[in-house]
């Protein structure tokens with residue numbers, strides 16, 4: 013009889029200790045889940061910021077393209093205006109050629125200056141256009157690189173979270189199996205069958 017009482021006291025202490033261990037492990041699991049949720053929230057915030065930056069860059073790219081289009085239109089208007097002026101000057105020179113030889117020579121000099129100015133302006137406009145196209149190409153390249161980098165970060169983060177959750181799940185299943193086995197052994201120590209309970 014006395015050995016049975018000792019066995020009962022020992023079996024009573026072990027379940028309480030197991031329950032305390034189980035509660036501690038449960039609290040740790042809850043803390044781990046909260047940490048993982050915080051980690052996910054931080055990554056979500058960074059993804060939202062990346063998307064906002066991408067939208068802003070696209071808007072800036074559209075603005076630059078519109079400015080470039082306006083510049084091209086201005087260039088065409090200037091060319092058209094200069095061509096019109098040139099034709100007017102030609103007509104005036106033809107009408108006054110017989111009477112004003114000196115004025116014709118002066119107007120020819122003016123014409124040469126206008127042509128030089130036109131060539132200079134064309135060169136400047138082409139240079140500005142090339143610089144703008146280079147800036148647009150550079151911004152597009154940076155945008156593409158940022159998209160690629162953030163997609164890679166997002167995939168790596170999701171893969172990491174998936175593997176962490178898989179490891180945590182495996183640990184919980186192992187703990188569950190161990191606890192289940194311990195309870196079966198305790199029930200069998202009392203002479204009870206776990207399937208009947």
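Numbering (the working numbering), first residue to last: 13 to 209.
Even for Gly, the Cβ is constructed at its ideal location relative to N, Cα and C.
Take every Cβ of the stretch 189-198, pair it with every Cβ of the stretch 45-53, and state whether three or more of those distances are shorter than 8 Å. no
With DSSP as the reference, label residue 198 as helix, strand or coil. Translated into the one-based positions of the chain shown, residue 198 becomes position 186. Here residue 198 sits in helix by DSSP.
Our contact map puts residue 173 next to residue 52 with C-beta atoms below 8 Å; I'd like the distance itself, whole angstroms only. Locating residue 173 in the chain shown gives position 161, counting from the first residue. Locating residue 52 in the chain shown gives position 40, counting from the first residue. Contact flag correct, Cβ pair sits at about 7 Å.
In this structure, does DSSP put residue 205 in helix, strand or coil? Position 193 of the chain shown, counted from the start, is the residue given in the question as residue 205. Coil.
Taking Cβ to Cβ, would you say residue 82 is nearer than 7 Å to residue 137? Within the chain shown, numbered from 1, the residue matching residue 82 stands at position 70. Within the chain shown, numbered from 1, the residue matching residue 137 stands at position 125. Not closer than 7 Å, so no.
Nearest-angstrom beta carbon gap, residue 148 and residue 101 [assumed within contact, 8 Å]: Here the question's residue 101 lines up with position 89 in the chain shown. Here the question's residue 148 lines up with position 136 in the chain shown. Contact flag wrong, Cβ pair sits at about 38 Å.
Please name the residue in 134, 64, 71 and 62 whose C-alpha comes closest to that of residue 94. Translated into positions along the chain shown, residue 94 becomes position 82. The shortest Cα separation from residue 94 among 134, 64, 71 and 62 belongs to 134.
With C-beta atoms as the reference, is residue 55 less than 7 Å away from residue 169? The residue labelled residue 55 in the question sits at position 43 within the chain shown. The residue labelled residue 169 in the question sits at position 157 within the chain shown. In contact: residue 55 and residue 169 (Cβ atoms closer than 7 Å).
Just the Cα atoms here: how many angstroms apart are residue 183 and residue 68? As a first step, residue 183 must be located in the chain shown, where it is residue number 171. As a first step, residue 68 must be located in the chain shown, where it is residue number 56. C-alpha separation (whole angstroms): 44 Å.
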